[in-house]
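Numbering (my numbering), first residue to last: 446 to 675.
Don't be surprised by glycine CBs; every beta carbon is placed ideally from N, CA and C.
Comments concern the structure below.
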Amino acid sequence: MSSGDGNDEDENYEVFRDCLSTPIIQKLAAPKRPERRRAAKGRKNAIKRTDEPREEKEVDDAEELVEFIDYLATEIFNSLPFFLRTLSYSSSQASPSLLDDYSSLAALATLTTSLPPHIIDSLTTYTLTSSPSTFLPPILNTYITALTTPPPPPTSASRPSACELCSRSHIPLTIHHLIPRSCATKAVKRGWCEPWEPTTRLAFLCRACHSFVHGLAGNEELARSKWGKR
Numbered sequence: 446m447s448s449g450d451g452n453d454e455d456e457n458y459e460v461f462r463d464c465l466s467t468p469i470i471q472k473l474a475a476p477k478r479p480e481r482r483r484a485a486k487g488r489k490n491a492i493k494r495t496d497e498p499r500e501e502k503e504v505d506d507a508e509e510l511v512e513f514i515d516y517l518a519t520e521i522f523n524s525l526p527f528f529l530r531t532l533s534y535s536s537s538q539a540s541p542s543l544l545d546d547y548s549s550l551a552a553l554a555t556l557t558t559s560l561p562p563h564i565i566d567s568l569t570t571y572t573l574t575s576s577p578s579t580f581l582p583p584i585l586n587t588y589i590t591a592l593t594t595p596p597p598p599p600t601s602a603s604r605p606s607a608c609e610l611c612s613r614s615h616i617p618l619t620i621h622h623l624i625p626r627s628c629a630t631k632a633v634k635r636g637w638c639e640p641w642e643p644t645t646r647l648a649f650l651c652r653a654c655h656s657f658v659h660g661l662a663g664n665e666e667l668a669r670s671k672w673g674k675r
């Protein structure tokens with residue numbers, strides 16, 4: 446976690462960690478094809494011993510991945526300028542000129558020069574990237590966008606204080622349209638939903654859960670599936 450004492454830094458750290466975890470999980474947690482081993486001659490009926498149960502190994506791997514993400518997120522977040530660590534929509538409106546300094550990927554790439562050497566080694570050793578200056582800017586851009594996006598307008602339903610999937614509170618929430626806007630017209634025409642549903646069927650999710658839901662299926666499938674109904 447960040448070394449800052451303010452709540453803003455703690456909350457922003459959680460946002461940054463979510464933004465960082467998505468590409469790391471996609472890179473390191475991709476399912477591997479099982480290797481087929483040729484049976485040794487004369488041992489057709491031999492009992493194959495497994496040193497570690499598969500489920501236990503998967504749990505260990507998941508825990509190690511979480512620890513690795515925490516380690517990278519803490520070190521990288523603490524290397525960011527104070528303005529970015531405490532960024533919010535209100536601060537971006539109060540000091541727009543400061544935000545202009547980070548308005549491009551090229552500008553964000555300059556922040557990688559302040560990364561600790563051991564973090565650069567970790568990023569390259571685990572084959573996450575051969576160049577932190579190209580790996581981190583899109584992540585930082587997502588982080589900045591998440592914190593500077595105007596809050597969504599109030600809805601008739603009471604807005605929850607925590608993500609409706611993971612139940613984490615004190616982190617920014619995004620509006621997930623259970624019937625994706627890109628296929629809302631099609632959904633109404635085909636009878637998948639009522640005309641009023643695309644604008645009212647909403648869920649408040651953290652950025653990580655929002656990305657997870659959209660990674661499960663395409664927009665049309667989401668519109669027709671349980672993710673399109675509450």
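Extent of the continuous alpha helix (DSSP H) run through A668 | That run of the alpha helix (DSSP H) goes 664-669.
Which residues in the same chain as S656 place their Cβ atom closer than 6 Å to its Cβ, once the five residues preceding and following it in sequence are excluded?
-> Setting aside the 5 residues that flank it on each side, S656 is surrounded in the same chain by T467, each with a C-beta closer than 6 Å to its C-beta; the list follows chain order.
Backbone secondary structure at P541 - three-state DSSP | P541 sits in a helix when the DSSP states are folded into three classes.
What do you get for P429, buried or exposed, if any count of 16 or more other CB atoms within 10 angstroms of its CB means buried?
-> Not covered by the structure: residue 429. The range shown for the chain is 446 to 675.
How would you call T587, buried or exposed, if buried means at least 16 neighbouring beta carbons within 10 angstroms?
-> By the neighbour-count criterion, in which a residue is buried when 16 or more other Cβ atoms sit within 10 angstroms of its Cβ, T587 is buried.
Look at the Cβ atom of I684, then the Cβ atom of E520, and state whether they are nearer than 8 Å.
-> Past the boundaries of the shown model lies residue 684; the chain is included only from 446 to 675, so the question cannot be answered.
Closest to L529 by CA distance: which of S575, L592, L550 is it?
-> For L529, the nearest C-alpha among the options comes from L592.
Going along the chain, which unbroken runs of the beta strand (DSSP E) with 3 or more residues stay wholly within the stretch 504-591?
-> DSSP assignment within the stretch 504-591 yields no whole beta strand (DSSP E) run of 3 residues or more.
If you follow the beta strand (DSSP E) that L647 is part of, which residue opens it and which one closes it?
-> 647-650 is the extent of the beta strand (DSSP E) around L647.
Grab me the residues of L465's own chain with a C-beta within less than 6 Å of its C-beta, minus the 5 sequence neighbours each way, in chain order.
-> Here the set comprises A518, I584.
Close Cβ partners of D546 (< 7 Å) along its chain, the five nearest in sequence each way excluded | For D546, the CB contacts under 7 Å within the same chain, skipping 5 residues up- and downstream, are A552 in chain order.
Mind checking R646: buried by the 16 CB within 10 Å criterion, or exposed?
-> Result: buried.
Just how far apart, CA to CA, sit F461 and Y516?
-> Each residue's Cα considered, the two are about 12 Å apart.
Taking the C-alpha atoms as reference points, what is the distance between T557 and L573?
-> Each residue's Cα considered, the two are about 15 Å apart.
Exposed or buried, what is C611 when buried is set at 16 or more other beta-carbons lying within 10 Å of its beta-carbon?
-> With fewer than 16 other Cβ atoms within 10 Å, it is exposed.
Simplified DSSP state of H615, which is helix, strand or coil | It is coil, neither helix nor strand.
Other residues of its chain near R613: CB distance less than 8 Å, five sequence neighbours each side excluded = So the list reads E459, A607, C651, once near-sequence residues are dropped.
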